[in-house]
Amino acid sequence: MSFFKKLKDKISGKPDETTEKYKEGLEKTRTSFTSKVNDLIARYRKVDEDFFEELEDLLLQADVGFETVMDLMDDLRFEVQRKNVKDTEGIQSVISQKLVDIYRGGEEADSSLNIQEDGLTVLLFVGVNGVGKTTTIGKLARRFIEEGKTVMLAAGDTFRAGAIDQLQVWGDRVGAEVIRQAEGSDPAAVMYDAIRAAKNRKADILICDTAGRLQNKVNLMNELQKVHRVISREIPGAPHETLLALDATTGQNALIQAETFKEVTDVTGIVLTKLDGTAKGGIVLAIRNKLGIPVKLVGLGEGMDDLQPFDAERYVYGLFAEGLEQEDAEEGGE
Amino acid sequence: MAFEGLAERLQNTLQKIKGKGKVTEADVKEMMREVRFALIEADVNLKVVKEFVKKVGERAVGADVMESLTPGQQVVKIVRDELADLMGGESETLTFSKKPPTVIMMVGLQGAGKTTTTGKLANLIRKKYNRKPLLAAADVYRPAAIQQLETIGRQLDMPVFSLGTDVSPVDIARQAVEKAKEEHYDVVFIDTAGRLQIDEALMGELRDIHEAVKPDEVFLVVDAMTGQVAANVAETFDKQVGVTGVVLTKLDGDTRGGAALSIRSVTGKPVKFAGMGEKLDAIEAFHPERMASRILGMGDVMSLIEKAQSGVDEQKAKELEQKFREQSFTFDDFLEQLEQVKKMGPLDELLKMLPGAGKIKGLENAKVDEGQMARVEAVIKSMTTKEKSNPEIINSSRKKRIARGSGTSIQEVNRLLKQFDEMKKMMKQMSAMQQGKSRKKMKLPGLDSLFK
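Line by line, the protein sequences give chains A and B.
Per our numbering, numbering through the first sequence is continuous, rising by one, with the last residue being 334.
Per our numbering, numbering through the second sequence is continuous, rising by one, with the last residue being 452.
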């Protein structure tokens, strides 16, 4: 049976509403990326070198990166030979299977957040400037609150003008208490205060915001390390998740970002933001391929509930939805 | 630093060919593959990469290279020329309206850095062109965006026009320009909300603002880390509101910044400014020529000189030079020098601008710890006046006192004293050289790896 069929079967057990979110959020990606793949398949009847070369270009344009694309192409060539795929019709499912494989990174990647059953869970957000950390925190807080949890926010971006107010607006909006100090104060001290307050008030979840910083600024990275250290000192095992926010429009620099932030703060997961643009976020393939950090959340739009747990199957389904339905129809399914 | 990887890669590739007496077609092909790889890893738009590689490849196999005496160098020159060409020749500056106020509209994706850049540009315009700017807060969507601009306005002591979040951005823009006319401001900056280029409703709003205030400049603010989508973003914004220039932000990161290469060649719009740091004066005019040199690891000497000129007091520099010669350099002078260097900007940035610095082993990833500088300062400031001018009197009990006073250790004090001593020795050598004694010994590291 085709891979699409299997994908669809797997997804059909999951709530439709979320699958729809993926479909909508990735609409632009689909029209720009998938339709090009379809075009390509329509133009080439046979799988030959020219076909591979054009496919390579498409992947490069999706920011997948040179090395990962090369790995992927090698795999594809091998697979095509092994399965003796001659014409392009069967190739789409081979491609998407490879994509899911990379996302999974060999094992079934766990994209769920490490939430403590009892006691306080601390989530730390890190990343470069302007990737959408504060917005993501606001949306995530709302998710938790809807699940009936008590959430507190720590305003650790004491540097950027207006950042504390921005988090406060989100806190008021979703009903989460914000622990804040004055602009320019030591972020580690804010974290200390916040943890104390969260413990006292028996909050379930504390989400910590930090200032955006470029990963090559030594002092700022040291500061982040200190923040991380203070949190672990106050609560052993915390932060339970250190989430790196990545802008889906970022190119190959994202790989360096992931590498450096991982070194400094032991990043446990990635939040891919702004995936609703025309950006393909192909860089997460490279990150998964090279660094093994899983994507845990994706931002699929500007709406409150457009932040979704990452699901490689849904993601690939979102990318190839049309092709999948087409193939389905051809096989007389449904 | 920007383009580091690209510079390195191209250099490695070209190194192989540089020494050769003869360039074969196979060599060129091999090199073009490396160039392609490097450019793609630098996020240069794929279409641009293809064109570039084709152009350079054609010129490189052309007769002028094959028959020239130094074909390797010839290829280097072609790559450099084409690269500079791609980034758009001369740098351009601002157009001010003949009838004030000049209206400048800031547009871009979310998180590109529009609000910060607005503050930086306004600051630059006031400082360099002596104009009076008004900042208009037209981002009514992102929480606290207005507060952000207001805070920046306070930091710069510059007025911010805002009507809260319940008024349409079009009205805010229109009224801001009205106010500027009445109160005789020279320049109005309209800080718009970040938006996706595919969001039709919000792009329509931008067109309305454009229609209402007829801006003299529309600056597209682009994150230098943007990937392949950069060209597409620039194209769409340009089609919708007629972009007049691009400001590249976060160029102080270690991104290779292929966005800069792509945007100009795809849209024909010049990159006018570059954001180089978190502080509000960290913005510079963008220089394509220098950038091309930097890509090839030739060092950004021009920028360095300009930085030095704006940061260093000339009179003081002369005095210092005198002291170098007379060997009367003290810790006080050292401290002063430190201050001046600090004024020039982050040290690792400066270091990277030095020609050949990228080639010195260990320096390519050099990160200057500014905290270390602060400790050095503390040590010097804990010395008595007498100690500063006669460091040889510093004995162990004095060292102990200095270490305690500066919150450092005796080892650190020792290290500084040793460094200072070596520095003095070096100065002695250098002033001897200047007088023409042992000139042939003078050899700056990395200089030989420049393009011979």
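Idealized CB from N, CA, C, for every residue including glycine.
From the DSSP output, which residues share a beta bridge with Thr-226/B? According to DSSP, Thr-226/B bridges with Thr-250/A.
Contacts that Thr-267/B makes with chain A (C-beta to C-beta distance below 7 Å): Near Thr-267/B there are no residues of chain A at all, since even the closest Cβ is about 16 Å away, more than 7 Å.
Leu-72/A and Lys-98/A look like a contact to me (Cβ under 8 Å); what is the Cβ gap, rounded to whole Å? Right, their Cβ atoms sit about 6 Å apart.
What residues match up with Lys-46/A in a beta bridge as DSSP calls it? Partner(s): Asp-87/A.
For Gln-308/A: DSSP bridge partner residues: Val-298/A, per the DSSP bridge assignment.
Please go through the segment 47-80 of chain A and give each complete alpha helix (DSSP H) segment of 4 or more residues, from N-terminal end onward. Scanning the segment 47-80 of chain A for uninterrupted alpha helix (DSSP H) segments of 4 residues or longer gives 49-61, listed from N- to C-terminal end.
To the nearest angstrom, report how far apart Met-105/B and Ile-190/B are at their CA atoms. Going from the Cα of Met-105/B to the Cα of Ile-190/B covers about 5 Å.
Whole angstroms are fine: how far does the CA of Ala-374/B sit from the CA of Ser-406/B? Linking Ser-406/B to Ala-374/B through their CA atoms gives a straight-line distance of about 10 Å.
In the DSSP assignment, what are the bridge partners of Thr-273/A? Answer is Asp-247/A.
Determine whether the beta carbon atoms of Ala-234/B and Lys-181/B lie at a separation below 8 Å. No; because the gap between Cβ atoms is not below 8 Å, this pair is not in contact.
In chain A, which residues lie with their C-beta within 7 Å of the C-beta of Pro-143/B? Ordered by position in chain A, the residues that pass the 7 Å Cβ test against Pro-143/B are Gln-166, Val-169, Trp-170.
CA-CA distance, Pro-236/A and Asn-200/A? For Pro-236/A and Asn-200/A, the distance between alpha carbons rounds to 17 Å.
Take the Cβ of Asn-130/B as the centre, count every other Cβ of all protein chains shown within 10 Å, and call the residue buried at 16 or more, exposed below. Answer is exposed; the Cβ neighbour count stays below 16.
Pull the bridge partners of Gly-275/B from the DSSP assignment, please. As computed with DSSP, Gly-275/B is found in a beta bridge with Ile-283/B.
Go through its chain and collect everything with a Cβ distance to Ala-535/B's Cβ below 6 Å, but skip five positions before and after it. Here chain B covers residues 1 to 452 and nothing more, so residue 535/B does not appear.
Kindly indicate which three-state DSSP category Ser-328/B falls into: helix, strand or coil? Assignment of Ser-328/B by DSSP, reduced to helix, strand and coil, places it in the coil class.
Please name the residue in Arg-104/A, Glu-54/A, Asn-253/A whose C-alpha comes closest to that of Asn-289/A. That would be Arg-104/A, whose Cα lies nearest to the Cα of Asn-289/A.
Residue ranges of each alpha helix (DSSP H) within the segment 147-235 of chain B, 4 or longer: Correct list: 169-182, 200-213.
Would the segment 238-245 of chain A count as touching the segment 263-282 of chain A if we require 3 or more Cβ pairs under 8 Å? The segment 238-245 of chain A and the segment 263-282 of chain A touch, with no fewer than 3 CB-CB distances between them shorter than 8 Å.
Please compile the residues from chain C whose C-beta is within a distance smaller than 7 Å of the C-beta of Asp-223/B. Checking the listed chains, one finds no chain C in this structure; the protein chains it contains are A and B.
Is the Cβ-Cβ distance between Leu-135/B and Phe-161/B less than 8 Å? For Leu-135/B and Phe-161/B, yes; Cβs fall inside 8 Å.
How would you call Arg-314/A, buried or exposed, if buried means at least 16 neighbouring beta carbons within 10 angstroms? The residue is buried, with at least 16 neighbouring Cβ atoms inside 10 Å.
Leaving out five residues before and five after Gly-362/B in sequence, what residues of the same chain have Cβ atoms less than 8 Å from its Cβ? Residue placement at Gly-362/B is flagged as unreliable, the pLDDT there being 47, under the threshold of 50; the coordinate-derived value follows with that caveat. Answer for Gly-362/B: no residue qualifies.
Can you name, in chain order, every residue of its own chain whose Cβ lies under 6 Å from the Cβ of Arg-195/B, other than the five neighbours on each side? The residues Leu-202, in chain order, have a CB closer than 6 Å to that of Arg-195/B in the same chain once the five nearest residues on each side in sequence are set aside.
Is the shortest distance between the beta-carbon of Val-229/B and the beta-carbons of chain A less than 8 Å? It does; some Cβ of chain A falls within 8 Å.
Please classify Gly-119/B: does DSSP put it in a helix, a strand, or coil? Gly-119/B falls in the helix class under three-state DSSP.
Given a cut-off of 8 Å on the beta-carbon distance, is the pair Ala-42/B and Gly-258/B in contact? Using a Cβ distance threshold of 8 Å, Ala-42/B and Gly-258/B count as a contacting pair.
Residues of its chain near Asp-204/A, where Cβ-Cβ distance is below 6 Å and the 5 sequence neighbours each way are ignored: In the same chain as Asp-204/A, and ignoring 5 residues on each side of it, the C-beta atoms closer than 6 Å to its own belong to Lys-149, Thr-150, in chain order.
Cα-Cα separation between Val-190/A and Arg-180/A, rounded to whole angstroms: Spanning the two alpha carbons is a distance of roughly 6 Å.
Rounded to whole angstroms, what's the CA-CA distance from Ala-248/A to Val-53/B? Just pull it up for me. Rounded to whole angstroms, Ala-248/A to Val-53/B spans 27 Å at the Cα level.
Determine, using beta-carbon pairs with one atom in the segment 249-257 of chain A and one in the segment 51-66 of chain A, whether at least three such pairs fall under 8 Å. With contact defined as three or more Cβ pairs closer than 8 Å, the segment 249-257 of chain A and the segment 51-66 of chain A are in contact.
With a 10 Å radius around its C-beta and 16 neighbouring C-beta atoms as the bar for buried, classify Val-126/A as buried or exposed. Answer is buried; the Cβ neighbour count reaches 16.
Taking CB distances under 8 Å as the criterion, tell me whether Leu-220/B reaches chain A. Interface annotation, Leu-220/B: not in contact with chain A, CB-CB separation never under 8 Å.
Would you say Glu-214/A faces chain B, with C-beta separation under 8 Å as the test? Here residue 214/A is Leu; the residue named in the question, Glu, does not match the sequence. At least one CB of chain B lies nearer than 8 Å to the CB of Leu-214/A.
Closer than 7 Å between beta carbons: that is the criterion. Which residues of the segment 109-139 of chain B meet it against chain A? Listed in chain order, the positions of the segment 109-139 of chain B with a beta carbon within less than 7 Å of a beta carbon of chain A are Leu-109, Gln-110, Gly-111, Ala-112, Gly-113.
Can you tell which of Phe-37/B, Gly-108/B, Gly-113/B, Val-48/B has the C-alpha that lies nearest to the C-alpha of Gly-277/B? Closest by alpha carbon: Gly-113/B.
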